[in-house]
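Novice: In the working numbering, the protein residues as written are 15 to 73.
A virtual CB, placed ideally from N, CA and C, is assigned to each residue, including glycine.
This is the structure I have questions about; it appears just below.
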């Protein structure tokens, strides 16, 4: 069951790589939109990690 904890980390890596590609391709005019999307993605990952952490503690 430990591999489930790796899923948010892999998602974070994929999101950060895609953000880097988008920034390098699109340029600075879309930077605010990409930054907002990345922040929301990071928040989703943090909440997912917190849910897994809480499930691990409760059982």
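1. Do you know how far the Cα of residue 68 is from the Cα of residue 48?
2. I need the straight-line Cα distance from residue 58 to residue 39, nearest angstrom please.
3. Would you kindly work out how many angstroms separate the C-alpha atoms of residue 44 and residue 24, rounded to a whole number?
4. Could you check how far apart the C-beta atoms of residue 55 and residue 29 are, in whole angstroms? I think they sit under 8 angstroms.
Specialist: The answer reads as follows:
1. The sequence position of residue 48 within the chain shown is 34, counting from 1. The sequence position of residue 68 within the chain shown is 54, counting from 1. Distance between the alpha carbons of residue 48 and residue 68: 30 angstroms.
2. Working through the chain shown from its first residue, we reach residue 58 at position 44. Working through the chain shown from its first residue, we reach residue 39 at position 25. Near 25 angstroms, if we compare the C-alpha coordinates of residue 39 and residue 58.
3. Counting from one through the chain shown, the residue named residue 44 turns up at place 30. Counting from one through the chain shown, the residue named residue 24 turns up at place 10. Cα to Cα, residue 44 sits roughly 25 angstroms from residue 24.
4. The residue you call residue 55 lines up with position 41 of the chain shown. The residue you call residue 29 lines up with position 15 of the chain shown. Rounded, the Cβ-Cβ distance is 5 angstroms, consistent with contact.
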